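S.K.: Read top to bottom, the protein sequences are chains Y and A.
For reference, each letter of the first sequence is one residue, going 1 to 150 in the UniProt record's numbering.
For reference, each letter of the second sequence is one residue, going 1 to 150 in the UniProt record's numbering.
For every residue, glycine included, the Cβ atom is placed at its ideal position computed from N, Cα and C.
Just so you know, these numbers come straight off a predicted model, no measurement behind them.
There are 2 protein chains.
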Amino acid sequence: MSGDGYADVEQANTAFYEALERGDFEALSALWLDDEISCIHPGWPVLSGRGEVLRSYALIMANTEYIQFFLTDVKITEAADTAVLTCTENILSGGPADAGGELGPLMGQLVVATNVFRRTSEGWRLWSHHGSPVLTESDDEGETEEETPA
Amino acid sequence: MSGDGYADVEQANTAFYEALERGDFEALSALWLDDEISCIHPGWPVLSGRGEVLRSYALIMANTEYIQFFLTDVKITEAADTAVLTCTENILSGGPADAGGELGPLMGQLVVATNVFRRTSEGWRLWSHHGSPVLTESDDEGETEEETPA
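#1: What does A:Met107 pair with, by DSSP beta-bridge criteria?
#2: Around the C-beta of Y:Glu89, are 16 or more other C-beta atoms found within 10 angstroms, so that it is buried, or is it exposed?
#3: When burial is assigned at 16 or more other CB atoms within 10 Å of the CB, is residue 165 of chain Y buried or exposed?
#4: Would you say the beta carbon of A:Ala15 is closer than 6 Å to some non-hydrogen atom of the ligand NAP?
#5: Give me the chain Y residues within the contact set of A:Ala80, using Cβ-Cβ distance strictly less than 7 Å, ordered along the chain.
#6: Can you name the residues that DSSP bridges to A:Thr86?
#7: Any beta-carbon of chain A closer than 7 Å to the one on Y:Tyr6?
#8: Distance, Cα to Cα, A:Pro42 vs Y:Ala27?
#9: Just verifying my parser: in three-state terms, what is the DSSP assignment at A:Thr64?
#10: The alpha helix (DSSP H) spanning A:Ser121 covers which residue range?
#11: Show which residues of chain A have a CB atom less than 7 Å away from the CB atom of Y:Trp127.
#12: What does A:Ser132 reach in chain Y if we use C-beta pairs closer than 8 Å?
#13: Closer than 7 Å, CB to CB, is Y:Ser121 near chain A or not?
#14: Using a Cβ cut-off of 7 Å (strictly closer), state whether Y:Thr72 contacts chain A.
#15: Can the beta-carbon of Y:Tyr66 be found closer than 7 Å to that of Y:Gly94?
#16: Quick check on A:Gly43: does DSSP put it in helix, strand or coil?
#17: Measuring alpha carbon to alpha carbon, tell me which residue in A:Ala62, A:Glu36, A:Asp35, A:Gly49 is nearest A:Asp24.
#18: Listing by chain order, which chain A residues have their CB less than 8 Å from the CB of Y:Glu26?
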């Protein structure tokens, strides 16, 4: 574990979200490993391999007019050229409007993510991304004990 | 990457879910790394460190009378003593009944998980677990385009 490594990992993570914000598919693709990768978007099943994963981002970018990530609680642990980063994604997004070219209604969302990076000769690259919605207690009616384990 | 490694990783993963099924807190604790770990249960925020993570499992075990995991779509990739495993958890669970000692109503649930393991001298240990609900299209009313990226 090294301080340098942590800064590099956080930089790769920031680049990932900035590519999403810009809708920059090329930059996003370059940030993923070339071999076996996996990705789980909030509420989605598992996507495996570059084909499935990158197609999902192309689809999401096509359906997203505006998106901004405010990352909080970024925590990084690192060992043997691998890093596990967890963070909270405070998302503000807007889809295309139904009619006309105006921006659709903005929506706020709270997502937590586990991003796994591997160090390569070209820098840190994404091996796995898993995002899931935070169903906060205030949204439920005393159903917090019903949460499912694992 | 080795075939042996893959079998060992799957074995550690199976042991993790079996410990949960048995409500075996000691076995579950032993399967996690000693240092910085993270865990995200479906709908929960991030839990970091052994204290937070193991406390959550103690809480879940106390509130779960019965739980069974049918794992499908297990996929493993491995590099540099680290393995990323994704799987679908088909969960059947029941909480304690409100009154009397009988089993509460059984509930089925579909969860996808990303489990990150690290090889140690005592075998593969969990570094990170992230589970999230699968919100299938059939449960929504044509809202699949609203899915949030990342």
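M.R.: For this structure:
#1: Here the question's residue 107 of chain A lines up with position 107 in the second sequence. Answer by DSSP bridge pairing, in chain order: A:Ser93.
#2: Here residue 89 of chain Y refers to the residue found at position 89 of the first sequence. Around the beta carbon of Y:Glu89, a 10 Å sphere encloses 16 or more other beta carbons of the protein chains shown; the residue is thus reported as buried.
#3: The question about residue 165 of chain Y has no answer here: the residues shown for chain Y are numbered 1 through 150.
#4: Judged by which ligands are present, the structure shown has none, so any question about the ligand NAP falls away.
#5: For this step, residue 80 of chain A is matched to residue 80 along the second sequence. One finds Ala80, Asp81, Thr82 in chain Y with Cβ atoms closer than 7 Å to the Cβ of A:Ala80, taken in chain order.
#6: The residue you call residue 86 of chain A lines up with position 86 of the second sequence. Partner(s): A:Lys75, A:Thr114.
#7: Position 6 of the first sequence, counting from 1, holds the residue named residue 6 of chain Y. Chain A contact via Cβ: absent.
#8: Residue 42 of chain A sits at position 42 when you count from the first residue of the second sequence. Residue 27 of chain Y sits at position 27 when you count from the first residue of the first sequence. Rounded to the nearest angstrom, the gap between the Cα atoms of A:Pro42 and Y:Ala27 is 30 Å.
#9: On the second sequence, residue 64 of chain A is found 64 positions in, with the first residue counted as 1. In this structure, DSSP gives A:Thr64 a state outside helix and strand, which the three-state scheme calls coil.
#10: Indexing the second sequence from 1 puts residue 121 of chain A at position 121. According to the DSSP assignment, A:Ser121 belongs to no alpha helix (DSSP H), since it is labelled neither H nor E.
#11: Against the first sequence, residue 127 of chain Y aligns to sequence position 127. Ordered by position in chain A, the residues that pass the 7 Å Cβ test against Y:Trp127 are Val84.
#12: Translated into positions along the second sequence, residue 132 of chain A becomes position 132. Going along chain Y in sequence order, the residues near A:Ser132 (Cβ under 8 Å) are Ile40, Pro42, Gly43, His130, Gly131, Ser132, Pro133.
#13: In the first sequence, the residue the question calls residue 121 of chain Y occupies position 121. Not one beta carbon of chain A lies nearer than 7 Å to the beta carbon of Y:Ser121.
#14: Along the first sequence, read from residue 1 onward, the residue named residue 72 of chain Y stands at position 72. It does not: the Cβ of Y:Thr72 has no partner Cβ on chain A nearer than 7 Å.
#15: Here residue 66 of chain Y refers to the residue found at position 66 of the first sequence. Here residue 94 of chain Y refers to the residue found at position 94 of the first sequence. In this structure, Y:Gly94 lies closer than 7 Å to Y:Tyr66 by Cβ.
#16: For this step, residue 43 of chain A is matched to residue 43 along the second sequence. If DSSP states are grouped into helix, strand and coil, A:Gly43 belongs with coil.
#17: Here residue 24 of chain A refers to the residue found at position 24 of the second sequence. Minimum Cα-Cα distance from A:Asp24 among the listed residues A:Ala62, A:Glu36, A:Asp35, A:Gly49 corresponds to A:Ala62.
#18: Within the first sequence, the letter at position 26 stands for residue 26 of chain Y. Ordered by position in chain A, no residue passes the 8 Å Cβ test against Y:Glu26, which lies about 16 Å from the chain.
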